[in-house]
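Asker:
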Amino acid sequence: MRDLPWPARVYLVALIGAVAGLVGWSAVAPGGSAVAGKLDVLLVLMLLFLVCESMPTLLTVEHFAVSVSFSAALAAVVLIGPEGAALVGLTAVLSVRPGLPLIKRVFNGAQFAICGYAAGFVYVWLGGAIGVPEVHEFDDLIGPYVGATAVFVPLNILLTLTMVRLATRVRPVEMPLRGLAQFLLSYFGYGTFGLLVAGLWATIQSISAVLVLVPLFVARWAFGQYHAQQRSYDATIAALCQAVETKDYYTRGHCTRVSLASGMIAEEVGMGVERMRAIRYAGMLHDVGKLGVPTKVLQKDGPLTEEEFAAIQLHPMRGLEIVQGIDFLDEAFAGIMHHHERHDGKGYPMGLAGDEIPEFARIIAVADAFDSMTSVRSYRGARPVSVAVEELRKGAGTQFDPVMVAAFVRALEREPWQPPRRVDLPPPDAAETPTKDHDDPTMPIQVVTGQ
Numbered sequence: 001m002r003d004l005p006w007p008a009r010v011y012l013v014a015l016i017g018a019v020a021g022l023v024g025w026s027a028v029a030p031g032g033s034a035v036a037g038k039l040d041v042l043l044v045l046m047l048l049f050l051v052c053e054s055m056p057t058l059l060t061v062e063h064f065a066v067s068v069s070f071s072a073a074l075a076a077v078v079l080i081g082p083e084g085a086a087l088v089g090l091t092a093v094l095s096v097r098p099g100l101p102l103i104k105r106v107f108n109g110a111q112f113a114i115c116g117y118a119a120g121f122v123y124v125w126l127g128g129a130i131g132v133p134e135v136h137e138f139d140d141l142i143g144p145y146v147g148a149t150a151v152f153v154p155l156n157i158l159l160t161l162t163m164v165r166l167a168t169r170v171r172p173v174e175m176p177l178r179g180l181a182q183f184l185l186s187y188f189g190y191g192t193f194g195l196l197v198a199g200l201w202a203t204i205q206s207i208s209a210v211l212v213l214v215p216l217f218v219a220r221w222a223f224g225q226y227h228a229q230q231r232s233y234d235a236t237i238a239a240l241c242q243a244v245e246t247k248d249y250y251t252r253g254h255c256t257r258v259s260l261a262s263g264m265i266a267e268e269v270g271m272g273v274e275r276m277r278a279i280r281y282a283g284m285l286h287d288v289g290k291l292g293v294p295t296k297v298l299q300k301d302g303p304l305t306e307e308e309f310a311a312i313q314l315h316p317m318r319g320l321e322i323v324q325g326i327d328f329l330d331e332a333f334a335g336i337m338h339h340h341e342r343h344d345g346k347g348y349p350m351g352l353a354g355d356e357i358p359e360f361a362r363i364i365a366v367a368d369a370f371d372s373m374t375s376v377r378s379y380r381g382a383r384p385v386s387v388a389v390e391e392l393r394k395g396a397g398t399q400f401d402p403v404m405v406a407a408f409v410r411a412l413e414r415e416p417w418q419p420p421r422r423v424d425l426p427p428p429d430a431a432e433t434p435t436k437d438h439d440d441p442t443m444p445i446q447v448v449t450g451q
C-alpha cells in the first residue's frame, strides 16, 4: 500500500468501502436470507471462481493477466442473486496465484465484488428470476443474463484500467478500437459458461461446475497458446532486426520506429487487427535485406559506384529471400519487397506506380522516410517533425502515396511523434560513417558512373 501513489490509494480505499457497504447491506436486506439458504451453491461457485482465478493466462500487455473466473460470478447472478455474485467475486482475495501481492488480491476481490453486484442488479432489473431455473424458464433468462454480462465485462475492464493508470501514471495499453472490440467479444464468449452452469444445475447440480471446468481450462489453454505464439513471433522479428542494425550504428531503433509509424498509418486507414499486426512486422523487417548488402557499401563515405548502388537497390529482394520461409508474415512480404517503389513509378526494384504498389509498401515508404528525416545521422542532425511532415507533403503524388501521407499527418495530430533522443556513437575502430541514406528523400544517394 505504501508503494502506491496517493490517487491509487484513495481509489482502492473507495472500492473497499463500497464492497463493505454491499456486504453490510446484504446482511440486513431481505436478499441476505436468500444467500444464507443457498450456502451449498455459494461454496461450489466460490471454489470454481477460486480455481480459475488462481490460474490466469498472462498476456503480452504489461500489467495484465486474463482469467475466466468471472463465469462463476455470472452463474451466481442467476442462482443466488446480486449479493451472492458479490461474495463469489470477493473470493479473489484468497487467490493462491504465485507471486501475487496481497494488495493486488484485495483490489481484485473488491472490483470483482462490485462487478458481480452490479451485474446481479441489472439481471434482476431486466426481469431475470433468481434461483435454479426450470427447463421451460431457461429462455426467459437469456435476455437478462446478456444484460448482466454486458455490465460485468466492461465494468471489470474499466475498474482495472483505472487502477493501472492511477498506480503507474502511464497509459496501460495501446489497442486499436477493432482490437478492443475483439477482446470484449472473447470475454463475452467466456461469460456464456456462467449461463451453462446455471442451466445444468437443475439436473446435475454441483457437478455442473466440475463439467464446466473442462471447457474453461481448454479456453484458458488456447488463450495462453495464442499469446505464447505471438511472443515467439515477436522474438523472431526482434532477433532479425538486431542483426540488421548491427551493420549501421546510426540506424539503431529505426526498424522499431518504422513499425510504430506504419501501425499509426494503418490504424488511421482502418486496417483490421490481423493486418495491423502484419504491417508492424513488415515495418520491423523492411530493411532485413541489408544483411545481404556488403557492410562496406552501407557504410561507404562518399558517392557510390553503379555496382554499389545496384547492391543497395537489391536489398528489398534480398529481404524477401531471407524471410520468405516465415509463414506468419503473410502480407508483410509485399511491404518488405516494394517499400522503395515510388508513386510516380521511378522507384525500385520493379518500378511499380500508384495502386500497383501494395498497400503495405505504400505505408512503409512514408513511415521509413519520416523516421529517417527525424533521426540523427552521421552527416546531419535530426530534422524537426514539422520539417519532415512538410517534406512528405512535397513528395505526395510523386514519391509517396498522398492518401498515406494524409493519413500519417492526421495520426500525428492525434498522437504526437517522439523522435529518438540519443544515438549511441560508434566505437573508435568502427568502419567509415556514411554520408548518405537511401531512406532520406532530402539527401539522395550520389552515384558516380563510369567507375
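Oh and the sequence shown: position 5 is 5 in the UniProt record's numbering, straight run, nothing missing. Using N, Cα and C, we set each Cβ at its ideal position, and we do this for glycine too. Here the structure is a predicted model, which means the values were calculated and not measured.
(1) To the nearest angstrom, report how far apart A238 and T246 are at their CA atoms.
(2) How many angstroms separate the CA atom of R178 from the CA atom of E307?
(3) The alpha helix (DSSP H) spanning G143 covers which residue range?
(4) Could you have a look at A396 and say whether DSSP puts it in helix, strand or coil?
(5) Given a cut-off of 8 angstroms, decide if Y123 and G84 are closer than it, judged by their beta-carbon atoms.
(6) Count Cβ pairs between the stretch 316-332 and the stretch 281-295 that sit closer than 8 angstroms; are there 3 or more?
(7) Helix, strand or coil: which one does DSSP assign to M175?
(8) Report all residues from its chain with a CB closer than 8 angstroms to the CB of Q324; omit the five preceding and five following residues, and keep chain order.
(9) Please check the pair V145 and L195, which I expect to be a contact at CB under 8 angstroms, by giving their CB distance rounded to whole angstroms.
(10) Cβ atoms of C115 and G89: under 8 angstroms apart, would you say?
(11) Is the beta carbon of L50 closer than 8 angstroms to that of L102?
(12) When the Cα of R383 is compared with those of Q418, A222, G283 and A86, which residue comes out closest?
(13) Once DSSP output is grouped into helix, strand and coil, what is the label at S372?
(14) Look at E274 and R410 and say whether their C-beta atoms are less than 8 angstroms apart.
(15) Just how far apart, CA to CA, sit R280 and V258?
(16) Using only alpha-carbon positions, find the residue among P98, G128, T149 and A228 that is nearest to F112.
(17) Compute the beta-carbon to beta-carbon distance between I357 and L285, rounded to the nearest angstrom, for a pair I have assumed lies under 8 angstroms.
(18) Considering only C-alpha positions, which residue in the set F107, D344, L260 and L352 is nearest to I364?
Answerer: The structure says:
(1) 12 angstroms
(2) For R178, the predicted model reports a pLDDT of 49, less than 50, meaning its position is unreliable and no value from the coordinates is stated.
(3) F138 to T168
(4) strand
(5) no
(6) yes
(7) At M175 the pLDDT is 46, less than 50, meaning the model places this residue with poor confidence; the figure from the coordinates comes in the next sentence. Coil at M175, not helix or strand.
(8) F333
(9) The question names Val, but residue 145 is Tyr in the sequence shown. That pair is a contact at about 5 angstroms.
(10) yes
(11) no
(12) Q418
(13) helix
(14) no
(15) 8 angstroms
(16) T149
(17) Contact flag wrong, Cβ pair sits at about 18 angstroms.
(18) L260
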